[in-house]
Amino acid sequence: MDNRAVLEDGSRIARAADGDAAAFDELIRPRLDRLYMTANRILRDGAAAEDAVQQAMVLAWRDLRALRDRDRLDAWLYRLLVRTCYRELRSRRRLAANVVQLERRDDRDPTLAIHDRDALERAFRRLSADKRAVIVLHHVTGLSLTEIAGVLAVPEGTVRSRLHYGLQELRRVLQPAGIIDRAEEPA
Amino acid sequence: MTEMADLDRTIVAWLRDGETVAPSRLADEIRLAVSAAHVPRRDLPRLPWTASRDQRPRALALVLAGAAVVTVVLGLLWASGSVAPPNPSPSIMPSPSGGPSATVRPSSLPPTPSLEATAGPVETYPPAATLSVPGVPLDLPAGWSWPPGGYEMALIGALDQIGDPYAGVYNMLLHPVSSARGPHRFHVASFGIVADAGMHVLTSGIQESTPQLEADRVRATLEGAGYVVARSSVKLATGRAIVLDWDVAYNGPDLHYRAYVLEVGGAVQRIDFATVGPPSKPLATLFLDIVRSARSG
Chain L
-11 MDNRAVLEDG SRIARAADGD AAAFDELIRP RLDRLYMTAN RILRDGAAAE DAVQQAMVLA
49 WRDLRALRDR DRLDAWLYRL LVRTCYRELR SRRRLAANVV QLERRDDRDP TLAIHDRDAL
109 ERAFRRLSAD KRAVIVLHHV TGLSLTEIAG VLAVPEGTVR SRLHYGLQEL RRVLQPAGII
169 DRAEEPA
Chain Z
23 MTEMADLDRT IVAWLRDGET VAPSRLADEI RLAVSAAHVP RRDLPRLPWT ASRDQRPRAL
83 ALVLAGAAVV TVVLGLLWAS GSVAPPNPSP SIMPSPSGGP SATVRPSSLP PTPSLEATAG
143 PVETYPPAAT LSVPGVPLDL PAGWSWPPGG YEMALIGALD QIGDPYAGVY NMLLHPVSSA
203 RGPHRFHVAS FGIVADAGMH VLTSGIQEST PQLEADRVRA TLEGAGYVVA RSSVKLATGR
263 AIVLDWDVAY NGPDLHYRAY VLEVGGAVQR IDFATVGPPS KPLATLFLDI VRSARSG
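Protein chains in written order, with my numbering: chain L, -11 to 175; chain Z, 23 to 319.
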């Protein structure tokens, strides 16, 4: 983000903190796609992701004045979003509706076999919310481990550990009959 | 190694695969939700001393924080006998802002001791006491003291300014969801400077006749303001207390609030606790012990 954009954001934050809803709208609109994408990948559910983003943005609007370091707006928004996702995941577990909804779309990566998708989907849903968040923030949202540590307010070593063990669990479901091995098998 | 890299590429491709654009209606829905959850900005929990922090030089905050460190070091030296003891009698320092304590501290509370008395050597660590809320005595273990005075508020303001999240615990003094007044107490860990937990006992402003109804009312108020509230309950000797938990975004970790709504002596009481982030297990146990000690008197 260039200096001009940073200054404009600073001005919008100040106005939004004083109750200017239009300034808040200008502030979050350019960020919505990435926030939605992050929530969608953590929750694996588009409707739940919309709800999570909406809840997080309402919290951000309400508590914007508590944001002291305005350069850290994005980290703060991701923090609110991830916590909202955690709550959503917790409430879903309480409901115990153990139905895996797999999206069936034609624009998905064709190199991934259906059963590999299903296996990854199931494995990802078994991951703890903490591991899901770290994997998505790093590999989808593109945050560094240091940035994620700031977002989640945990040590960087913890982020590294969650990422390592989370990916390990996902790799495990691909390895026994995974696409890599199968591709190398003789016909 | 190559195989692992291939697996990771497969996983990342799967993760990234899917929608990358938010539905167009989402921005409009957020705008509506924001207007419905409008919060009067003047009611947001801020320390009065730091209300005009933008005009204050940052150096002042650092100087005050440095003064806190010097105070603690002197206190420790004094405890070890290396330095002559300062005036041991508690003193009241004037508020630098001309009076957050007038609006913050209930007038019935005893005078506020200086920092040396609240956060210094072990000898002056707040002893166990009974908090005499009208009709509901509570047993407070050691470490709980009354709200800070002007000097401490200045110190807390300095910590608040340089981003110390623990200063945020004191924001519960002004929290808009606790409009009813009642005594506050703050917990300082051994050798701590600022509180790691705050407590607010509400003896007035309770509008409902049972803990369940009061908890529902409080929860509705909080959710109406956009907070996400978790409700649970805990069994006490006098009956069941309803427990409400919610977070308030702050600089650094969130402030976590836990309210116990219970019936004591035929009346509904509410005890709020605030911590930086969810309470640690020892603090959570401490809170529950205090709640369990509530009795009619």
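Cβ coordinates follow ideal geometry from the N, Cα and C atoms, glycine included.
Bear in mind the structure is a predicted one, so any value in this text is a computation, not a measurement.
Which value, in whole angstroms, describes the spacing of the CA atoms of Thr129/L and Met25/L? Along the first sequence, read from residue 1 onward, the residue named residue 129/L stands at position 141. Along the first sequence, read from residue 1 onward, the residue named residue 25/L stands at position 37. Thr129/L and Met25/L have their C-alpha atoms some 8 Å from each other.
Measuring alpha carbon to alpha carbon, tell me which of Ala40/L, Asp39/L, Arg32/L and Ala48/L ends up nearest Ile16/L. Within the first sequence, the letter at position 28 stands for residue 16/L. Answer by Cα proximity: Ala48/L.
Would you verify that the beta carbon of Trp168/Z is, or is not, closer than 9 Å to some beta carbon of chain L? Numbered from its first residue, the second sequence carries residue 168/Z at position 146. Chain L, which has no Cβ nearer than 9 Å to the Cβ of Trp168/Z, makes this no.
Give the single residue among Val43/Z, His278/Z, Val250/Z and Ser315/Z whose Cα lies nearest to the Cα of Ala44/L. Within the first sequence, residue 44/L is the residue found at index 56, counting from 1. Val250/Z is the residue among Val43/Z, His278/Z, Val250/Z and Ser315/Z whose C-alpha sits nearest the C-alpha of Ala44/L.
If you measure beta-carbon to beta-carbon, which residues of the stretch 29 to 47 of chain L are closer than 8 Å to chain Z? Arg29, Gly34, Glu38, Val41, Gln42, Gln43, Met45, Val46 and Leu47
For Glu76/L, three-class secondary structure by DSSP: For the purposes of this step, residue 76/L is identified with residue 88 of the first sequence, where counting begins at 1. Glu76/L falls in the helix class under three-state DSSP.
Report all residues from its chain with a CB closer than 6 Å to the CB of Ile1/L; omit the five preceding and five following residues, and keep chain order. Start at 1 with the first residue of the first sequence, and residue 1/L comes out as number 13. Correct list, in chain order: Arg58.
DSSP state of Asp35/L mapped onto helix, strand, coil: Working through the first sequence from its first residue, we reach residue 35/L at position 47. In the sequence as presented, Asp is not what sits at residue 35/L; that position holds Ala. It is helical.
Sequence-distant residues of the same chain with beta carbon closer than 7 Å to Asp118/L, five excluded per side: Here residue 118/L is taken as the residue at index 130 of the first sequence, counted from 1. So the list reads Arg150, once near-sequence residues are dropped.
Buried or exposed: Gly261/Z, going by 16 or more other Cβ atoms within 10 Å of its Cβ? Reading the second sequence from its first residue, position 239 is the one you call residue 261/Z. So Gly261/Z counts as exposed.
CB contact check: Ser57/Z to chain L, cutoff 9 Å: Position 35 of the second sequence, counted from the first residue, corresponds to residue 57/Z. With 9 Å as the cut-off, Ser57/Z counts as an interface residue toward chain L.
Nearest candidate by alpha-carbon position, reference Ala247/Z, set Trp268/Z, Pro300/Z and Pro233/Z: Position 225 of the second sequence holds residue 247/Z. Measuring from the Cα of Ala247/Z, the nearest candidate turns out to be Trp268/Z.
Chain Z contact for Arg183/L (CB, 9 Å cutoff): Given a span of -11 to 175 for chain L in the structure shown, any question on residue 183/L remains unanswerable.
Leaving out five residues before and five after Val144/Z in sequence, what residues of the same chain have Cβ atoms less than 6 Å from its Cβ? Start at 1 with the first residue of the second sequence, and residue 144/Z comes out as number 122. In this prediction, Val144/Z has a pLDDT of 38, which is less than 50 and means its spatial position is unreliable; what the coordinates show is noted afterwards. Leaving aside the five residues that flank Val144/Z on each side, none in its chain has a CB nearer than 6 Å to its CB.
So, is His278/Z buried or exposed, given that buried needs 16 or more other C-beta atoms within 10 angstroms? Along the second sequence, read from residue 1 onward, the residue named residue 278/Z stands at position 256. The residue in question, His278/Z, is buried, as its Cβ has 16 or more Cβ neighbours within 10 Å.
Below 8 Å on C-beta distance, what does Asp30/Z contact in chain L? By one-based count along the second sequence, residue 30/Z stands at place 8. Those within 8 Å of Asp30/Z in chain L are Leu155 and Arg159.
What is the rounded straight-line gap between the Cα of Lys257/Z and the Cα of Gly154/L? Counted from its first residue, the second sequence places residue 257/Z at position 235. Counted from its first residue, the first sequence places residue 154/L at position 166. Between Lys257/Z and Gly154/L, the C-alpha separation is close to 38 Å.
Integer Cβ distance of Arg317/Z from Phe295/Z, believed to fall under 8 Å: As a position in the second sequence, residue 317/Z is number 295, starting the count at 1. As a position in the second sequence, residue 295/Z is number 273, starting the count at 1. At roughly 19 Å, the Cβ-Cβ gap does not stay under 8 Å, so Arg317/Z and Phe295/Z are not in contact.
Return the CA-CA distance between Glu41/Z and Leu77/L, expressed in angstroms with no decimal places. If you number the second sequence from 1, residue 41/Z lands on position 19. If you number the first sequence from 1, residue 77/L lands on position 89. Roughly 20 Å separates the two Cα atoms.
Could you give the DSSP three-state label for Gly299/Z: helix, strand or coil? By 1-based counting over the second sequence, the position of residue 299/Z is 277. Coil.
Note down, in chain order, every chain L residue with its Cβ under 8 Å from the Cβ of Arg317/Z. Stepping through the second sequence from its first residue, residue 317/Z is reached at position 295. Ordered by position in chain L, no residue passes the 8 Å Cβ test against Arg317/Z, which lies about 34 Å from the chain.
Mapping the DSSP letters down to three states, classify Pro159/Z as helix, strand or coil. As a working note, residue 159/Z is residue 137 in the second sequence. Pro159/Z: strand per DSSP, three-state reduction.
Would you give the residue range spanned by the beta strand (DSSP E) that Ser255/Z belongs to? Here residue 255/Z corresponds to residue number 233 of the second sequence, with the count starting at 1. Val251 to Leu258 is the extent of the beta strand (DSSP E) around Ser255/Z.
Are there 16 or more other CB atoms within 10 angstroms of the CB of Ser212/Z, so buried, or fewer, so exposed? Walking along the second sequence from the start, residue 212/Z turns up at place 190. Looking at its Cβ environment, which holds fewer than 16 other Cβ atoms inside 10 Å, Ser212/Z is exposed.
Below 9 Å between beta carbons is the criterion; list the residues of the stretch 113 to 130 of chain L that meet it against any residue of chain Z, in chain order. Ile123, Val124, His127 and Val128
Proximal residues, the stretch 34 to 52 of chain Z versus chain L, C-beta separation under 9 Å: Val34, Ala35, Trp36, Leu37, Arg38, Asp39, Gly40, Glu41, Thr42, Val43, Ala44, Pro45, Arg47, Leu48, Ala49, Glu51 and Ile52
Using beta-carbon positions only, say whether Arg67/L and Val139/L come within less than 9 Å of one another. For the purposes of this step, residue 67/L is identified with residue 79 of the first sequence, where counting begins at 1. For the purposes of this step, residue 139/L is identified with residue 151 of the first sequence, where counting begins at 1. For Arg67/L and Val139/L, yes; Cβs fall inside 9 Å.
Just to make sure I have the definition right: I need the residues of chain L whose C-beta is within less than 7 Å of the C-beta of Ala242/Z. Which are they? Locating residue 242/Z in the second sequence gives position 220, where the first residue counts as 1. By Cβ distance, chain L contributes nothing, its closest Cβ being about 16 Å from Ala242/Z, past 7 Å.
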